[in-house]
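Quick notes on the structure that follows.
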Ligand code: HEM
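Numbering (this note's numbering), first residue to last: 1 to 527.
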C-alpha cells in the first residue's frame, strides 16, 4: 500500500491531530454549530452529523448464539505425529506435518445463551472456536468446552435455543423452558449431566478443555479417510466453579473470564493447550452400542486412545475488540486439504448455518476483514457487494476476466495431483428418520458414576434447585430420564426436588419489591 501522507502533521507539526473520516482536521469537537451560543442548531453541521450518524451504526447484530465472548491470538505448533505414528499416515493436512512448525491462529471463547454483555458465570457450555491461518488457507475448529452436545440432529437446534433463551413474551429468563424442551429430548440426558455438574461453570477460559464435539474426517495422500475427533487440554489445569462460587463472582463482576484471559496475557502468562485426536475407521461399527457419529456420545478412551498432535499458545491480546473479536467469523465448513466432513448430521446442518448467519451479521464481504481473511493469496472471482474493500491494484493479471474457464487468462483451477479425492459411496434411500442406536441413557449413567462424590453432590443439588421451580410433569419426566441412566441418580434427584420444594414453601413470604424507599427529598420542589 502507498504510504499515507500526513498533511495535517505538516500543517501544525502534530502527528496526533484529530480528523474527520474524510481527513479534515477537527478544530472543535465539543460544540455543535448553533445560531447564537444557545441554539438552535443548523443542518449543515457536517462534522456533528457524520459523528453522530456513525455512532448510531456502531454495533453489528450480536451473534444469535455465543454472543458473549472474548478472544486472543497465538500459534499452533505441530508434533508432526499422531501419538507414535507419523501424522501423514492419517492426514495430508500441512498444518500437522513437519514437527515444530508453527501456524498463526486466533481463538474466541464464549458462553452460549446469554446476550453480548451477559455474565460469564452462567451455567452454560463455553464456545472454544479456533481459526488457524494455515499455508493452505484457513482451518476453523468450532468447538465447545464439553465433549458432547444436547441434540444429534440439526433440525432441533432453533427450538433448543429458543427454549434456552428468555420467554419471548415477557423476556424473563426461566429454567422451566429449558427443562420443558429437554424432558422431551431424552438424548440430552448425558449433556445435562455434565452441564449441571461442576463442569457446567468453568472457572475461567484458561482453565477449560475444548472439543470439536462433532466428528470430522482426516484424508491421507492416497485419498483414504478415517473419522477424527479433536480435544484441547489446558496446560493450566481444569478448574470449575460451584454455583455458590459463581454467584459470588457474578455479584461483583459480569466479565471475570474476559478480564482473566486479557490480564494473564498482558502479564506474559501465555495460556497453552495440547491438542489430541481420537481416530476411528469410518463405518457403522456394529460392535459399539452407539453410533460413532452421534454427538451425544463420548468415544471410549480405552478403545480410541487420545493421540497428542500439537500444542496451542495464546500470546497476544486483541488491539481492537470489535475489529478482531466481534467481527471474527468461524464455520465448520472451513476445512483445508487433508480434512473432510463426516456424515454426522449435526455437523452438516451447522456447516450451512455459520456462513449464512455471518453474511447477515457482518455482511457479504465478511471474509475480507483482516481477522477473517486467510494469510495466503486469495484469487477468486467472488467479488463486489457492499464494502468490497479490494485494492484495485491487487486485481489478477488480467482484470478483464472475472470468470473461469477462459482462454484469455484469469485464474485456473488447481491441479488434483497429490490431492486424490476421498470418495465415500452411498447406497440408501432418502428419508427423515432418527438413527438406529440412540442409547440415550447408557453413557449418561457411566458419566454419573464416574464423577467424584463432591461433583455428584453438586450435580444433584444444582438439578434439584433448577427443577424445583418446574411443572410437576416436567419434574417427573426428568426424574424418569435420570432413573433410566442410573437408579441412584433418579432417586437422588427426586429426593432433592422434594427437599428444595419444601424449602421454597417455607421461605415464601409476602412478595417484596427489592430496595429501600427513597424520594423523600423533593429536588427542585422546595421542602
Ligand atoms: C456459533 C449455529 C451447534 C459451537 C454459532 C452461530 C450459529 C450457530 C448461527 C453464530 C455464528 C456467528 O454469528 O458468527 C449452530 C447450529 C448448530 C450448532 C445450527 C447445530 C445444528 C454447535 C455445536 C457446537 C457449536 C455442537 C460445539 C461443537 C459454536 C461456537 C460458536 C457458535 C463455539 C461461536 C463461534 C464464535 O466464537 O464466533 N453456532 N451451532 N455450535 N457455535 Fe454453533
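The beta-carbon is built from N, C-alpha and C at its ideal position, and this holds for glycine as well.
Query	Result
With a threshold of 8 angstroms on Cβ separation, who are the neighbours of residue 132 within its own chain once the five nearest residues in sequence on each side are excluded?	76, 95, 103, 104, 105, 138, 139, 140 and 141
Compute the minimum distance between the beta carbon of residue 353 and the heavy atoms of the ligand HEM, and state whether it is under 6 angstroms.	yes
Quick check on residue 426: buried or exposed, where buried means 16 or more other Cβ atoms within 10 Å of its Cβ?	exposed
Between the region 329-337 and the region 348-359, do at least 3 Cβ pairs fall closer than 8 angstroms?	yes
With distances taken from CA atoms, which of 148, 374 and 111 is nearest residue 532?	With the chain covering 1 to 527 only, the question about residue 532 has no answer from this structure.
Going by Cα to Cα distance, which pick from 100, 90 and 108 is closest to residue 73?	108
Could you check where the alpha helix (DSSP H) with residue 453 kicks off and where it finishes?	453-468
Counting beta carbon pairs with one atom in the region 193-211 and one in the region 116-131, are three or more of them shorter than 8 angstroms?	yes
What would DSSP say about residue 1, mapped onto helix, strand or coil?	Only weak support exists for where residue 1 lies, its pLDDT of 44 falling under 50; the coordinates are left without a value.
Do three or more CB pairs link the region 414-432 to the region 189-209 at distances below 8 angstroms?	no
Residue range of the beta strand (DSSP E) that residue 307 falls in?	307-316
Between which residues of its own chain and residue 385 is the CB-CB distance below 6 angstroms, once the five residues before and five after are set aside?	364 and 365
Might you give, ordered along the chain, the residues of its own chain that have their beta carbon closer than 6 angstroms to the beta carbon of residue 461, omitting 5 neighbours on each side?	none
What residues are listed by DSSP as bridge partners for residue 144?	127 and 211
Mind pulling the alpha helix (DSSP H) runs of 4 or more residues that sit fully within the region 209-286?	243-252 and 256-266
Taking contact to mean at least 3 C-beta pairs separated by less than 8 angstroms, is the region 238-251 in contact with the region 173-187?	no
If you count every other CB in all the chains shown that lies within 10 Å of the CB of residue 232, and 16 or more means buried, which is it?	buried
Please find out if some non-hydrogen atom of the ligand HEM comes closer than 6 angstroms to the beta-carbon of residue 350.	yes
Relative to the ligand HEM, is the shortest distance from any of its heavy atoms to the C-beta of residue 66 smaller than 6 angstroms?	yes
Does the ligand HEM have even one heavy atom less than 6 angstroms from the beta-carbon of residue 82?	no
Return yes when at least one heavy atom of the ligand HEM lies under 6 angstroms from the C-beta of residue 346, else no.	yes
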